[in-house]
Structures are given as C-alpha cells and as structure tokens.
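Chemist: At position 311 of the sequence shown (counting the first as 1) the number is 311 in UniProt numbering, and the numbers step up by one without a gap. Even glycine gets a Cβ: it sits at the ideal position worked out from N, Cα and C.
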Amino acid sequence: MQPHSRRAFLKRASVASTIGAASLAGCTGSPGEGNDNGGGGDTDAGGDSETDSGGSGGGIEEIKVGVFAPYTGPFAPWGESVTTGSVLAKQDLEEEFGISIELVEYDTETNPSTALERMKRAVTSDGIDFAHGGISSAVCTSMGSWASDNGVSYIAQGASDSITGEACAEHMFSVYQSNTMMANAAGPEMAEQADSWYILYSDYVWGQTGQKVISASLEANGATVVGKDATPFPGDDYTQYINNVANSDADAVALIIPGLDARLATEQMMNKGLHEELTVMYHQFEDLVLWGIGEDAASTVDVGTTGWMNGVEGTDEFNQRIVEEGDTDPFARHYMAYTSLDQQVRAAMRAGSTDAAAITSELEGHQVSSPVNDIQPGTVYWRECDHQLIQPTHLVSGLETSEISNGDWKQWFTVDESLAGDDLARTCEETGCEL
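The following block contains the structure:
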C-alpha cells in the first residue's frame with residue numbers, strides 16, 4: 001500500500017480550494033481526491049446479489065460521498081478517524097470494483113443545526129450521492145432525517161436508541177451498536193461487580209436514552225441505582241457531580257459521558273482518588289478518551305462497552321493500515337467509518353444505482369459478506385425493521401500499566417468478552433420504529 005496521510009489528503013484537496021474558506025459555507029474540506037490507489041484489503045469471491053461483491057454496478061464509474069465528522073468542537077480529536085476509515089474503505093472498493101470514489105469532508109462541529117446546513121449544502125450544491133458519519137446522535141438525527149426526506153442515503157454513527165426508534169427514517173441506517181445493545185451487554189457484569197450504582201449522564205439524546213437503558217439493565221440484574229445526575233454537554237467542570245457520587249452510598253459509578261467531556265470527568269475523578277474507591281463503568285467506551293490522559297488512566301476502566309477495539313481478534317492488518325494512513329491509533333471510529341462506506345458502496349454496486357431507495361432495498365435484511373467480516377468476527381447484518389446493524393458488542397477493561405503496549409499502536413485495554421448482537425438488540429416491536 002502506498003503511504004497516504006490525512007495531511008496529504010487535505011493538501012491535495014486545497015489545490016482546488018482553500019480549506020475553511022468562506023466559499024465552502026462551513027465545509028472543512030473541499031471536494032477531496034482521497035487516495036485513488038488501490039488498498040490492500042481482502043475481498044469476497046461471491047458473485048451474486050446475496051454477497052457484498054455481487055452486481056456489476058450497472059455502469060457506475062464514479063461515486064461522490066459526503067463524510068461528516070467533528071473536525072472542531074467537543075469531539076474534534078475524533079474527526080480524523082472518520083476520514084482515515086473512509087479512505088481505507090475507498091482504497092479497497094476502488095481496487096475491487098474499478099470505480100472512482102470522491103470523498104468530501106464536512107465539519108459538523110457537533111452542532112445539529114450546523115451539521116444540517118452542511119448536509120443541505122452537500123446535497124443541493126456539491127452533489128454528493130450519499131453520506132455517512134456524524135458521531136453525536138443529535139447531529140446524526142438532524143442530518144439523517146433531512147437526508148432521508150430528500151432522497152439521500154445516510155448511515156449514522158451515533159448510538160442513541162432513537163436513531164433506530166422513534167426517529168428512524170426510510171433511508172437512514174445506524175452502524176454503531178445501539179445504547180440498548182451496549183447496556184444489555186454490560187448489565188450482568190456491572191451487577192456482578194457492584195450492588196449499588198450512581199449514574200452520570202450527558203443531558204442530550206444519547207445520554208438520556210443511555211441512562212434509561214442502563215438503569216433498567218442494572219435493575220434487571222439485581223443491582224440498584226442510588227442516584228443519577230444529568231450533566232451539561234459540552235461541560236467544563238464535573239466537580240459538583242463527582243462530589244455527589246462521592247457523598248452517596250454508591251459502590252460504583254457509570255459514566256455515560258462522551259468525548260472530551262468523558263476525559264475531563266475522568267481526570268477530575270482521578271484527582272479526587274475516586275477511581276480507587278469505586279468500580280467505574282464507561283458506556284460506549286472509546287480508547288481515545290483515556291489516551292489523552294496517560295497510561296495510569298487505563299486502569300480506571302473496570303467495565304466498558306464498545307462497538308469495536310483494536311484488540312478484537314484478527315484485526316492486526318487493519319490496525320497496521322490505520323497507523324500507516326492516519327494520525328490516530330486504531331479505535332472504534334475507524335471501524336465504523338470503514339464499514340459505513342464499504343456497505344453503502346457495495347449496496348449501490350449491487351443495485352446498479354446510487355439512488356437512496358435502491359440502496360435501502362439492498363441494505364435491508366442484508367447479511368454482510370465483505371472485508372468487514374475480517375475485522376468484526378461474528379454475524380453482522382442490517383435489520384430490516386429498524387435499519388440497525390446487528391453485530392457483536394464487546395466488553396472491555398483497562399490493563400495495568402505494566403501490561404500496556406505502545407508498539408505499532410496503543411493497546412491499553414483488553415476485550416474480555418464479545419457478545420452476539422442478536423442476543424442484545426431490542427425486538428422490532430420494542431423499537432417504536434415505523435418505516
């Protein structure tokens with residue numbers, strides 16, 4: 001594989017237009033060229049419509065994709081991983097299908113209104129064929145609802161149950177495991193480790209739905225919730241909430257707080273020494289949160305749920321490609337972006353069309369059979385009733401400092417158990433989704 005960094009990607013994009021210029025109306029990157037060289041991923045040998053390699057593409061030669069990520073704002077460190085995962089998928093797909101894929105980056109700023117305006121520009125002015133990304137569930141819902149209503153396929157990377165529940169949309173799909181899937185994975189282990197829990201959750205749709213399902217899962221497994229606080233997002237000080245936990249009778253604390261806010265809350269918790277007294281659970285845990293603190297922070301993770309981690313068996317080749325391609329060590333968002341682009345393009349090729357209805361028809365009920373299976377072992381498929389990607393969910397915990405590896409990529413956490421998605425997801429009736 002030829003070296004191809006994010007810096008080079010953006011440099012080539014700026015030849016046509018300066019990144020961040022007013023003429024882009026907030027788009028963080030001009031229509032970028034990505035990497036037109038083939039990637040090194042394995043591909044399927046399947047050739048019918050039941051596999052991800054099936055279909056001739058109906059004459060499709062070029063596809064233009066909107067990549068939506070938080071390049072600024074409270075999730076800013078996460079943005080680069082969405083680009084890198086997309087570029088790796090682009091390389092593999094171009095090599096396999098002999099097509100050209102143009103990636104265009106848009107900064108959501110983790111602001112639903114801003115993200116919506118940039119989605120509108122991407123569709124009406126820039127002419128994208130479809131889109132993926134978002135990270136924040138509120139951002140995903142804002143963009144996805146409009147995209148779907150306007151005949152554009154969109155794959156969200158948020159985890160709120162509402163994306164595949166009451167806010168579901170005809171042409172919106174969700175690649176990240178839902179809050180319920182992660183809560184059902186964590187509940188038994190949380191109850192095993194502690195009897196009484198205090199919950200801190202970000203006061204927006206992801207945190208709100210997260211605390212509901214985690215509270216229910218804890219109680220279903222015999223534990224109790226002795227207190228809970230909704231915290232502003234983004235926030236700049238978690239001291240009062242950490243003091244509330246410390247002054248309670250809780251044996252454990254669940255952090256349903258994302259991004260840089262989770263990092264800040266952890267730092268303040270460690271400064272108080274609370275992590276040494278209580279069991280700590282991180283909902284939708286992502287390595288990048290604690291990489292920004294230091295190795296000692298790894299041991300704060302007693303229980304974590306995640307959609308993917310670089311310690312998942314069989315992922316070394318993918319991990320190596322990530323570190324060669326980008327500037328961030330491998331973590332869940334690389335996988336989510338790779339899978340999103342992989343699946344949308346393959347659906348379009350099977351359908352012979354980039355039309356949203358055609359892509360939706362190909363994705364609904366489709367069992368994934370592509371290089372995705374090499375990096376996410378187990379059954380992976382798109383559920384028809386709510387457009388949720390059903391896939392394994394991973395229980396993780398932190399390593400002691402002496403066990404941490406900082407070789408080709410950071411490995412500070414270990415996968416303790418991987419649970420089948422079908423055993424964790426809500427029933428179709430429970431989702432409240434009406435498509």
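Alpha carbon to alpha carbon, how far is G398 from G59?
Modeler: If you number the sequence shown from 1, residue 398 lands on position 398. If you number the sequence shown from 1, residue 59 lands on position 59. Whole-angstrom Cα-Cα distance: 49 angstroms.
Chemist: Label E434 either buried or exposed according to how many other C-beta atoms from any shown protein chain fall within 10 Å of its C-beta, with 16 as the threshold for buried.
Modeler: As a position in the sequence shown, residue 434 is number 434, starting the count at 1. The residue in question, E434, is exposed, as its Cβ has fewer than 16 Cβ neighbours within 10 Å.
Chemist: State yes or no: is the C-beta of E362 within less than 7 angstroms of the C-beta of R350?
Modeler: Counted from its first residue, the sequence shown places residue 362 at position 362. Counted from its first residue, the sequence shown places residue 350 at position 350. Yes, the pair counts as a contact, with Cβ atoms nearer than the cut-off.
Chemist: What's the C-alpha gap between D64 and I155?
Modeler: As a working mapping, residue 64 is identified with position 64 in the sequence shown. As a working mapping, residue 155 is identified with position 155 in the sequence shown. According to the sequence as given, residue 64 is Lys; it is not Asp. Using only the alpha carbons, I get a separation of about 15 angstroms.
Chemist: Quick one: grab the DSSP three-state call for A25.
Modeler: Position 25 of the sequence shown holds residue 25. For A25, the pLDDT reaches just 30, beneath the cut-off of 50, and the residue's location in the model is therefore unreliable, although a value from the coordinates is still provided. If DSSP states are grouped into helix, strand and coil, A25 belongs with coil.
Chemist: Within 10 angstroms of its Cβ, does A356 collect 16 or more other Cβ (buried), or is it exposed?
Modeler: For the purposes of this step, residue 356 is identified with residue 356 of the sequence shown, where counting begins at 1. By the neighbour-count rule (16 or more Cβ atoms within 10 Å), A356 is buried.
Chemist: Under the rule that 16 or more other beta-carbon atoms within 10 Å means buried, what is A332, buried or exposed?
Modeler: Reading the sequence shown from its first residue, position 332 is the one you call residue 332. It counts as buried.
Chemist: Could you give the first and the last residue of the continuous beta strand (DSSP E) run that contains Y154?
Modeler: The residue you call residue 154 lines up with position 154 of the sequence shown. From DSSP, the beta strand (DSSP E) with Y154 extends over 153–156.
Chemist: Would you identify the three-state DSSP class for Y204, choosing helix, strand or coil?
Modeler: Within the sequence shown, residue 204 is the residue found at index 204, counting from 1. Looking at Y204 - three-state DSSP - the assignment turns out to be coil, as it is neither helix nor strand.
Chemist: With DSSP as the reference, please indicate the residues paired to S405 in a beta bridge.
Modeler: Taking the first residue of the sequence shown as position 1, residue 405 is located at position 405. S405 is bridged to Q411.
Chemist: Please classify G326 as buried or exposed, where buried requires at least 16 neighbouring CB atoms within 10 angstroms.
Modeler: The count along the sequence shown starts at 1 and reaches residue 326 at position 326. With 16 or more other Cβ atoms within 10 Å, it is buried.
Chemist: Provide the residue span of the alpha helix (DSSP H) that contains A69, from first to last.
Modeler: Here residue 69 refers to the residue found at position 69 of the sequence shown. Note, A69: premise wrong, no alpha helix (DSSP H); beta strand (DSSP E) at 62–69.
Chemist: Does DSSP classify F130 as helix, strand or coil?
Modeler: As a working note, residue 130 is residue 130 in the sequence shown. In this structure, F130 counts as strand in the three-state DSSP scheme.
Chemist: Which of the three DSSP states, helix, strand or coil, is assigned to E105?
Modeler: Position 105 of the sequence shown, counted from the start, is the residue given in the question as residue 105. Strand, per DSSP.
Chemist: By Cβ distance below 8 angstroms, which residues in the same chain neighbour S312 in space, the five residues on each side in sequence not counted?
Modeler: Sequence index remark: in the sequence shown, residue 312 carries index 312 (1-based). Checking the displayed sequence, the identity of residue 312 turns out to be Val instead of Ser. Correct list, in chain order: I375, Q376, P377, H394, V415, S418.
Chemist: In this structure, does DSSP put H387 in helix, strand or coil?
Modeler: Counting from 1 along the sequence shown, the entry for residue 387 is found at position 387. Three-state DSSP puts H387 in coil, outside helix and strand.
Chemist: Does the stretch 195–211 touch the stretch 380–394, meaning 3 or more C-beta pairs lie closer than 8 angstroms?
Modeler: no
Chemist: Can you check DSSP and say which residues form a bridge with D229?
Modeler: On the sequence shown, residue 229 is found 229 positions in, with the first residue counted as 1. Partner(s): L200.
Chemist: Could you tell me which residues DSSP pairs with V320 in its beta bridges?
Modeler: As a first step, residue 320 is located in the sequence shown; it is residue number 320 there, counting from the start. Note that residue 320 is Gln in the sequence shown here, rather than Val. The partner list for Q320 (beta bridge, DSSP) is empty, contrary to what the question assumes.
Chemist: Check L255 in the structure and name its three-state DSSP category.
Modeler: The sequence position of residue 255 within the sequence shown is 255, counting from 1. Correct three-state label for L255: strand.
Chemist: Three-state secondary structure (DSSP) at Q376?
Modeler: For the purposes of this step, residue 376 is identified with residue 376 of the sequence shown, where counting begins at 1. Residue state, collapsed to three classes: coil.
Chemist: For a test of the three-state rule: what should DSSP assign to H366, helix, strand or coil?
Modeler: The residue labelled residue 366 in the question sits at position 366 within the sequence shown. Three-state DSSP puts H366 in coil, outside helix and strand.
Chemist: On the DSSP letters alone, give me the boundaries of the alpha helix (DSSP H) that T83 sits inside.
Modeler: Locating residue 83 in the sequence shown gives position 83, counting from the first residue. Where T83 is concerned, the enclosing alpha helix (DSSP H) stretches over 79–97.
Chemist: In terms of residues, what are the limits of the beta strand (DSSP E) holding Y282?
Modeler: For the purposes of this step, residue 282 is taken as residue 282 along the sequence shown, with counting starting at 1. Segment 279–282, the beta strand (DSSP E) holding Y282.
Chemist: Check this for me: beta carbons of P92 and R346, under 7 angstroms apart or not?
Modeler: Here residue 92 refers to the residue found at position 92 when the sequence shown is read from its first residue. Here residue 346 refers to the residue found at position 346 when the sequence shown is read from its first residue. Reading off the sequence shown, one finds Asp at residue 92, where the question assumed Pro. Taking 7 angstroms as the Cβ cut-off, D92 and R346 do not qualify as a contacting pair.
Chemist: By the 10 Å Cβ neighbour count, where 16 or more other Cβ atoms means buried, how is N243 classified, buried or exposed?
Modeler: By one-based count along the sequence shown, residue 243 stands at place 243. When all chains shown are included, N243 counts as exposed.
Chemist: Where does S160 land, buried or exposed, given buried means 16+ other C-beta within 10 angstroms?
Modeler: Numbered from its first residue, the sequence shown carries residue 160 at position 160. Looking at its Cβ environment, which holds 16 or more other Cβ atoms inside 10 Å, S160 is buried.
Chemist: Please go through the same chain and pick out, in chain order, the residues whose beta-carbon is closer than 6 angstroms to the beta-carbon of G304, but skip the five residues on each side of it.
Modeler: If you number the sequence shown from 1, residue 304 lands on position 304. The residues Y282, F285, V396, in chain order, have a CB closer than 6 angstroms to that of G304 in the same chain once the five nearest residues on each side in sequence are set aside.
Chemist: Using the C-alpha atoms, what's the distance from G273 back to P371?
Modeler: Taking the first residue of the sequence shown as 1, we reach residue 371 at position 371. Taking the first residue of the sequence shown as 1, we reach residue 273 at position 273. Cα-Cα distance, rounded: 43 angstroms.
Chemist: Using 8 angstroms for Cβ pairs, my map puts T401 next to D329. What's the rounded Cβ distance?
Modeler: Looking up residue 401 in the sequence shown gives position 401. Looking up residue 329 in the sequence shown gives position 329. Not a contact, Cβ separation roughly 17 angstroms.
Chemist: Helix, strand or coil for A420, going by three-state DSSP, please let me know.
Modeler: Taking the sequence shown and counting its residues from 1, the one referred to as residue 420 is at position 420. Of the three classes helix, strand and coil, the one that applies to A420 here is coil, per DSSP.
Chemist: Would you kindly check if the distance between the Cβ of A89 and the Cβ of L389 is under 7 angstroms?
Modeler: As a working mapping, residue 389 is identified with position 389 in the sequence shown. As a working mapping, residue 89 is identified with position 89 in the sequence shown. Contact annotation: L389 and A89 have beta-carbon atoms that are not nearer than 7 angstroms.
Chemist: Between T239 and the rest of its own chain, which residues show a CB-CB distance below 8 angstroms, the 5 nearest in sequence each way excluded?
Modeler: For the purposes of this step, residue 239 is taken as the residue at position 239 of the sequence shown. Closer than 8 angstroms at the Cβ level, and outside the excluded window around T239, lie Q268.
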